[in-house]
Structure formats: structure tokens, C-alpha cells
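Participant: Take any residue in the sequence shown, count from 1 to its spot, add 306: that is its number in this note's numbering. Every residue, glycine too, gets a C-beta built ideally from N, C-alpha and C. Okay, here's the structure, questions in a sec.
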Amino acid sequence: MMGRRVTVLLTLAVALLVLAVFFRQQIHSHFGYLSGDRYDGVIQVALLEHWFNVFRGWSHWSSPNYFYPYPNTLGYNEGLFLNGVLYSFFRALSFDAFLANELVNMVIKSVGFFGFLAAARRMLKLPFEWALLGAAIFTLSNNSFMQLSHAQLLSVSLAPLEALLIYNAAQALLALQSRRLFVSGSLAALLFAGWMMSCLYTAWFFAVFALIAVLFQLLLRGLPGLKQLGQAVADNKVALLGIAAVAALSLLPFISVYLGSGKQRPWSEILFYVPSLFDSFNVGTGNAVFGDMIASLHAGCEMCDLGSGEREAGIAPVLLLLAGMCILDIFKRQLPLPEEVKTIMVGIAAASLVLWLLSIRFDQDTGWAWLYQYLPGGSGLRVVSRIFLLLTLPATALAVWYLSRSSWSPLVLLAVSALLLAEEVNHSPITTLDRHLLLDRVSGMPPAPAECRAFFTTASPDTVDGDTSFPVGAMYPHNVDAMLIAELVHLPTINGFASFNPKDWNFASPAAPDYLLRVQAYAKAHQLQGLCQLDLVDKRWHTKPVYLASKTRLGYWDLASKQIPAERLRGFGPAETFGRWTEGREASFQYALPEHAKRDTLSLKINLITAMVNDQHSQRVLVSVDGGEKHEFVFKSNARASIALTVPAPTGTQGEIHMELPDAVSPRELGINADPRQLAIGVKSIEIE
């Protein structure tokens, strides 16, 4: 037996180690690059900043400063309430908005680690070393890492703590300990209400899982057990009524916001995100152990129907296998266990199996259709594959419980434990949010003029308009920047973007000629006074916007097209699905404008899909047009970006865009793959206005 001090030190050491592994990319970049992306990542920070404003008395809790003048728009997105509480603490300590958000993620993952450890010890009676292994596996979970661009899903870490509180309440109920029952039950109700206000997805998944588990546990108790339970309920009715009152009151904010704004998703949209059987173990091609296997299945198995993106949320294969073996073991024989532990394990096993079967799609058929049609809330959840983030918790509990009871040799158990940890590690790049770039995007503008009562934004430097293969480039950058700026300067904006937008929202494509006219129509419809314009490029306020059609695009060239004449391109590789790589240290493009293009200046934008960079290597790009002044741009991330500048118009209708690329490097030199070409940037398109 280890002493208490050794146990505490070992627990802290393992917790710090697994958190360091999970957040290694952020730590390695000195928190310069964070989880999330240029789009949803900024929305999340805007919502958290809203809660910081609420706690300081700046804002009404249900009405963030976007989608003005609509009230109660918090329900258009996940509420992130508990995240906001933690975030406000870090912001009060003067951490910037993006760093505070990442620190919140770390705290939430820590809650998952210690919550699992406590629940495994108390509920499952697991030995310390096996509970510690389970906590490490659950904290490292591959699918949470892969879905970190939606950081609200980390709230699945609250599940062990919620389960433990419910368990404590149930134990107190049966022991007729009314005071303990009221305290544990009320804490469980408060935590669940806060969870619902933070992330409906994971809270709803947990509620369904718990409901199924409890139903099976009641069946297992039989008639005598149900009679005992009924008597316990009668004897504790005052405490239970008190818990019900706490639950009702704590859920009122959620109901008031989401009952009115929640919408039903069409079944066709949901069916796309219902996972296939093979998605159950779809850990992504970057998985440290099974990445090559997943890549091979993607390439050579048509029947596998492996998804990507949101559907790369499967349970790690060995963990899934051991959980399945445990379920078989539980149902095939009588287990010499205390009745309390046996009841819990049967409930976990049954709920895991039932919920997994309901969530799987066989061609166009799936049991999820029942939950969609009959269970409240089921029709509002789009990405069903996220259920695996919740199912990783019981899978981990089942797997380590199975190993703790196995007769395998210590050497085999050690090897299997190491494999369970290794398969949760993924090498995919998930830190695509450039913290310093985005801090620059949402700061540096002077205070809004006193006459401004609300504002709208024009195109962001990162706006990619007119590229039909990348619609988010025309919808997100200027809208999400407006959301965060609105919270930072305490001035509402009509812009914004959410899971559900207002019915007359029409603020995509800010570079389109009619954008300002659409803004004017919205302002007239809502009789807005004091609506100012914020130019996101030069960071200037305009108190009297001129609502005229803007200039039209003179040229747009998609470099993924093979129709561009070869003589107009120099220093570019062949056309690929995304566009073209630059090859070598120089590249140029010869453009031609229409005859009517008589302007003094041109607005040039070069839209990048990616850049050949890593944590030690960045890319400088020096751009000149028609032999004019060179403009330097530096790229440190492989996320989408753009080069934007204003240049004098050519005397004729033709000209040349020239790029110097002094930091071109081969993927082989960076250890990415065996490609020997000297690459710098991947260009999607070039546009001129």
C-alpha cells in the first residue's frame, strides 16, 4: 500500500504529464498558436467575453452584443456559461482573451482527470493504480483532441463529476440520509443546469446515457428492490422536493433562452453526421498507433464509409475492444461482486451498448431516428458523431475495470496499458488559431465616436469572397471579428454568426457590390439610429456610412483550374484540388484586366490555402506589382490566410504580380513527407478589384 503523500504526489505528477501531452502543441508554441480556428474559435472567445461583461455589469446575461437589435440571442449558440465563469477569473488577472480561453480548456480537462479518478475509486471500487490509468486515458482521449476546434465539447469532462454527485445522492437516498441527499442532489442539479447552459450536446448525451443506465439498474433490482426504493422515496420526500425545486430554478435560465430560440434540424442534415460502423473507431489519420490503418481504409475500402472532420471522433480501437470484452463478460456470467458495484457495471454496460447501437448508421437506417423524433432536444443536435466523446467515458471505465480483474500476467497488463495510452495520442495539427494575429485583428482601433450606438463591419483582411469552394471565407472573418470587437468595446453590432442566425440576417460576402445596400436595408427595417461603420482593414470608424454599391471585381483566377495558360504562370507547380504550390524562390502571375477597368488604384488579394511552415520555420513573401514597391508578409501558420494590398493601376490592361520567396523549403527538410520540392505557399486564388 502506498502512503497518502506518495499517492497525492503521483496523482499530481500524472495529471500534469497527461495535460502537458494533451496541450503540447500550445505549450511548444509558447501559446502563440492555440486550439480552435479563425472562425469558430473567435466566436467562442466572443461568447466568453460576453460572460466577462455580464459579471462586471456591462451586459444583460441573455443578450450578447451581436445580432443587434435582437434580444436574447445567447440561445443561437452554445451558452458556455461555466466556461465563462472560469474565463472571467483569468481575464480579471489580465490574461488576454485568447490565452484566457485556452487556460479555461486546461482547467476543464483537469476537472475530467480528477473527476474520473474520484468516480472510479468510489463508484467502481477500482484500485488506485487502475483508476489513475483510467483518468489518464480519459484525459488524453483522441477524439477530444481531434475535436478541440469546438472546445465547448471538452465539457464532457464534467461527466465523471456529475455521475459521482448523482451516485452520492442515490446512496444517501437508500441510506435515508436526507441532509446528505439534499446537498448531493442539489449540487448535481446545479452542475447539470450549468452544463446545459454551457454545452447542450454533451449534457444531453449524458442525460440520455444516465436515463438508459438507470432504467436497466431498476430492472436489475426487481420487485423487492423497487419496493425498497419506493419506501426510500417516501421517507425522503422533503429532501427530494427540495432537490426538484433547486433543479427547476437552476434550469429556468436555460429554458427561457433555448426554448424560444432552439430550432429543429432537418433529418437530412443530421443523417449526414450519423456515424457509420467504421466511424466507431475512426481516430483520424494522425493517430500515433492507428493513423496508417485509417489512411489505408480511406484509400482502399469503399464500403467502410469513413468520415472526416466532425466524424473523426471514434473511440480508440484497443479501448473499444476491451470495453466490448468487458460488456460480454458482464452479461455472460454471474460476477462475484458486491450488489452495488454489479448494479452500476450492468447499467454502464447496457447504456453503452444501447446508445452505441442507436447512434450507428447502416446505409440510410439508424436508431437515432427514434431519438430525433421522440426525445426532447434530439431534433436540435446536428453532429451525432459527437456521441463518441461521451461514450469514451464508459468505454474507459469498462476497459480498466476489465483489466483490473483479468488474470493476465503483469507484463501483458503493462504492455496493454501502454498501448491504451499511446493510441490516445494524435499528431494532427490542431493549433490553427494564431493568437497574435487575431489580437491584432480585434485591437488597435480608436474608441468609437460618441454618436455611435451600434456598428457594422466591412471586409476583414482575411475575407475570401467569391471562392465558391470556400464559402466560410465570405461569411466568417468580418462577422466573428465584429462579435469579439463588440464585446471588447461594449458597443453592439448588427453582424455576427451562429448556429442559428436571425431570420433577416444577410451579412455574408462583404466584398460583394451590394453589401452596403444590404446593411442599409437592415438598418431601415429595424429603424436603427447611430449605426456606424468600422473598417477592419484600416481600423477606422465612419459615423456617416455611404450606402452605395461598392466597386466590382475586375478579375478572379482560381489556381486550381487547369485552364489558366501556362505562359501566365512562373514558379508555380501543377494545379491541385486546392490550388497551386509555389516552387522555388520566385513566382509570378501575369494578369489581364477588362478594357473598361479605368481606375487609379487596384485592390489585390492573394488567397492562401496553406504555407510550408512548422514551429521552427516561417515563410516570408515579398510581393510587388508591375515592378513597384515590395510589400513583405510573414506566415507562421499553415491556416488559410491572405495577402491584401492596394497598388497603382497599370497604364494598360495587363500587368504582373511578382513574389519573392526566400524561405522556400522542402517538406522533406521539415520532416513532413518525402517531397523534395522547394515550396513556400499554397495559393488558392488571386483577385483584383
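1. Sort LEU386, PRO752 and ASP740 by Cα distance to SER924 and report the nearest one.
2. Which term fits THR952, buried or exposed, when burial requires 16 or more other beta carbons within 10 angstroms of its beta carbon?
3. Is LYS868 helix, strand or coil by DSSP?
4. For my contact list, GLU882 and LEU967 are in at a C-beta cut-off of 8 Å; report their separation, rounded to the angstrom.
5. How far does the beta strand (DSSP E) with LEU704 in it extend, from its first residue to its last?
6. If you count every other CB in all the chains shown that lies within 10 Å of the CB of GLY693, and 16 or more means buried, which is it?
7. Chain B beta carbons: is any one of them nearer than 8 Å to that of ASP402?
8. Would you call the stretch 689 to 705 and the stretch 508 to 528 in contact, with 3 or more CB pairs under 8 Å?
9. Cutting at 8 Å between CB atoms, please list the residues of its own chain near LEU325, excluding the five before and the five after it.
10. Between which two residues does the alpha helix (DSSP H) carrying ASN407 extend?
11. Quick check on the burial criterion: 16 or more other C-beta atoms within 10 angstroms. Buried or exposed for GLU873?
12. Whose CA, out of PRO753, VAL706 and SER930, lies closest to the CA of GLU962?
13. Count the other CB atoms, across all protein chains shown, that sit within 10 Å of the CB of TRP714; report buried if there are 16 or more and exposed otherwise.
14. Rounded to whole angstroms, what is the Cα-Cα separation between VAL552 and LEU496?
15. Do the CB positions of THR738 and ALA945 come within less than 8 Å of each other?
16. Count the other CB atoms, across all protein chains shown, that sit within 10 Å of the CB of LEU340; report buried if there are 16 or more and exposed otherwise.
17. Any chance the stretch 577 to 595 sits against the stretch 612 to 619, with 3 or more Cβ pairs inside 8 Å?
18. Counting pairs of beta carbons, one from the stretch 661 to 677 and one from the stretch 637 to 651, are three or more of them closer than 8 Å?
19. Is it right to say GLN839 is buried, meaning 16 or more other beta carbons lie within 10 angstroms of its own, or is it exposed?
20. Taking the beta strand (DSSP E) that TYR897 belongs to, which residues open and close that run?
21. Tell me the rounded alpha-carbon separation between LEU546 and MET789.
22. TYR734 to ALA509, Cα distance in whole Å?
23. Just to confirm before moving on: does the CB-CB distance between PHE401 and LEU392 stay below 8 Å?
24. Hey, is the stretch 486 to 494 in contact with the stretch 620 to 630, meaning 3+ C-beta pairs nearer than 8 Å?
25. Roughly how many angstroms separate the alpha carbons of ALA513 and LEU471, rounded to a whole number?
26. Out of curiosity, what's the CA-to-CA distance linking PRO767 and GLY338?
27. Enumerate in chain order the residues of its own chain whose CB-to-CB distance from PRO755 is below 6 Å, with the five nearest sequence positions on each side excluded.
28. Give me the residue from ILE978, LEU354, LEU439 and LEU717 with the minimum Cα distance to VAL457.
29. Spatial neighbours of GLN331 within its chain, please: CB distance less than 6 Å, with the 5 preceding and 5 following residues excluded, ordered by chain position.
30. If we call anything under 8 Å between Cβ atoms a contact, is ALA980 one with THR888?
31. Give a yes or no on whether the C-beta atoms belonging to PHE762 and ASN812 are separated by under 8 Å.
32. Just list the residues that DSSP pairs CYS838 with in beta bridges.
33. Per DSSP, LYS850 is paired with what?
34. Considering only the beta carbon of each residue, do SER369 and ASN383 sit closer than 8 Å?
35. For ALA469, which of GLU993, HIS366, ARG428 and HIS964 has the nearest alpha-carbon?
36. Taking buried to mean at least 16 other C-beta atoms within 10 Å of its own C-beta, is PRO746 buried or exposed?
Facilitator: The relevant details are as follows:
1. Here residue 924 corresponds to residue number 618 of the sequence shown, with the count starting at 1. Comparing Cα positions, the closest option is ASP740.
2. Position 646 of the sequence shown, counting from 1, holds the residue named residue 952. Exposed, since its Cβ has fewer than 16 Cβ neighbours within 10 Å.
3. Working through the sequence shown from its first residue, we reach residue 868 at position 562. Assigned with DSSP and collapsed to three states, LYS868 falls in coil, not helix or strand.
4. Counted from its first residue, the sequence shown places residue 882 at position 576. Counted from its first residue, the sequence shown places residue 967 at position 661. Not really, about 18 Å apart at Cβ, beyond 8 Å.
5. Reading the sequence shown from its first residue, position 398 is the one you call residue 704. That residue, LEU704, is in no beta strand (DSSP E); its alpha helix (DSSP H) goes 693 to 711.
6. As a first step, residue 693 is located in the sequence shown; it is residue number 387 there, counting from the start. The identity of residue 693 in the sequence shown is Ile, whereas the question assumes Gly. With 16 or more other Cβ atoms within 10 Å, it is buried.
7. This model lacks chain B altogether, as it is built from one protein chain only.
8. yes
9. Numbered from its first residue, the sequence shown carries residue 325 at position 19. Contacts found: MET412, LYS415, SER416, PHE419 and THR445.
10. In the sequence shown, counting from the first residue as 1, residue 407 sits at position 101. Residues 403 to 428.
11. One-based indexing of the sequence shown puts residue 873 at position 567. It counts as exposed.
12. Locating residue 962 in the sequence shown gives position 656, counting from the first residue. Nearest C-alpha to GLU962: SER930.
13. For the purposes of this step, residue 714 is taken as residue 408 along the sequence shown, with counting starting at 1. By the C-beta density criterion, TRP714 is exposed, having fewer than 16 other C-beta atoms within 10 angstroms.
14. The count along the sequence shown starts at 1 and reaches residue 552 at position 246. The count along the sequence shown starts at 1 and reaches residue 496 at position 190. If you take the alpha carbons of VAL552 and LEU496, they lie about 7 Å apart.
15. Translated into positions along the sequence shown, residue 738 becomes position 432. Translated into positions along the sequence shown, residue 945 becomes position 639. Yes, the Cβ-Cβ distance between THR738 and ALA945 is below 8 Å.
16. Translated into the one-based positions of the sequence shown, residue 340 becomes position 34. With 16 or more Cβ atoms within 10 Å of its Cβ, LEU340 is classed as buried.
17. yes
18. no
19. Residue mapping note: residue 839 aligns to position 533 of the sequence shown, counting from 1. GLN839 is buried by the Cβ-count criterion.
20. Residue numbering aside, residue 897 sits at position 591 when the sequence shown is read from its first letter. That run of the beta strand (DSSP E) goes 892 to 898.
21. For the purposes of this step, residue 546 is identified with residue 240 of the sequence shown, where counting begins at 1. For the purposes of this step, residue 789 is identified with residue 483 of the sequence shown, where counting begins at 1. Here the alpha carbon of LEU546 sits roughly 42 Å from the alpha carbon of MET789.
22. Your numbering for residue 734 matches position 428 in the sequence shown. Your numbering for residue 509 matches position 203 in the sequence shown. Before going further, note that residue 734 is Ser rather than Tyr in the sequence given. Rounded to whole angstroms, SER734 to ALA509 spans 27 Å at the Cα level.
23. For the purposes of this step, residue 401 is identified with residue 95 of the sequence shown, where counting begins at 1. For the purposes of this step, residue 392 is identified with residue 86 of the sequence shown, where counting begins at 1. The Cβ-Cβ distance between PHE401 and LEU392 does not fall below 8 Å.
24. With a cut-off of 8 Å, the stretch 620 to 630 and the stretch 486 to 494 do not count as touching, because too few Cβ pairs lie within range.
25. Mapped onto the sequence shown, residue 513 falls at position 207. Mapped onto the sequence shown, residue 471 falls at position 165. Those two C-alpha atoms are separated by around 14 Å.
26. Along the sequence shown, one-based indexing puts residue 767 at 461. Along the sequence shown, one-based indexing puts residue 338 at 32. Answer to the nearest angstrom: the Cα atoms are 20 Å apart.
27. Position 449 of the sequence shown, counting from 1, holds the residue named residue 755. Its chain contains TRP847 and THR849 as the residues whose beta carbon lies nearer than 6 Å to that of PRO755, once the 5 sequence neighbours on both sides are disregarded; these appear in chain order.
28. Indexing the sequence shown from 1 puts residue 457 at position 151. It should be noted that the sequence gives Ala, not Val, for residue 457. Just measuring C-alpha positions, the residue of ILE978, LEU354, LEU439 and LEU717 sitting nearest ALA457 is LEU354.
29. If you number the sequence shown from 1, residue 331 lands on position 25. Here the set comprises THR737.
30. Against the sequence shown, residue 980 aligns to sequence position 674. Against the sequence shown, residue 888 aligns to sequence position 582. Cβ atoms of ALA980 and THR888: not closer than 8 Å.
31. Along the sequence shown, one-based indexing puts residue 762 at 456. Along the sequence shown, one-based indexing puts residue 812 at 506. It is not a contact, given that the beta carbons lie outside the stated cut-off.
32. Mapped onto the sequence shown, residue 838 falls at position 532. BP columns for CYS838 point to PHE761.
33. Counted from its first residue, the sequence shown places residue 850 at position 544. Bridge partners of LYS850: none, in fact.
34. Here residue 369 refers to the residue found at position 63 when the sequence shown is read from its first residue. Here residue 383 refers to the residue found at position 77 when the sequence shown is read from its first residue. No; because the gap between Cβ atoms is not below 8 Å, this pair is not in contact.
35. For the purposes of this step, residue 469 is taken as the residue at position 163 of the sequence shown. Out of GLU993, HIS366, ARG428 and HIS964, ARG428 has the C-alpha closest to the C-alpha of ALA469.
36. For the purposes of this step, residue 746 is taken as the residue at position 440 of the sequence shown. The sequence shown places Asp at residue 746, not Pro. The Cβ neighbour count for ASP746, taken over all protein chains shown within 10 Å, is under 16; the residue is labelled exposed.
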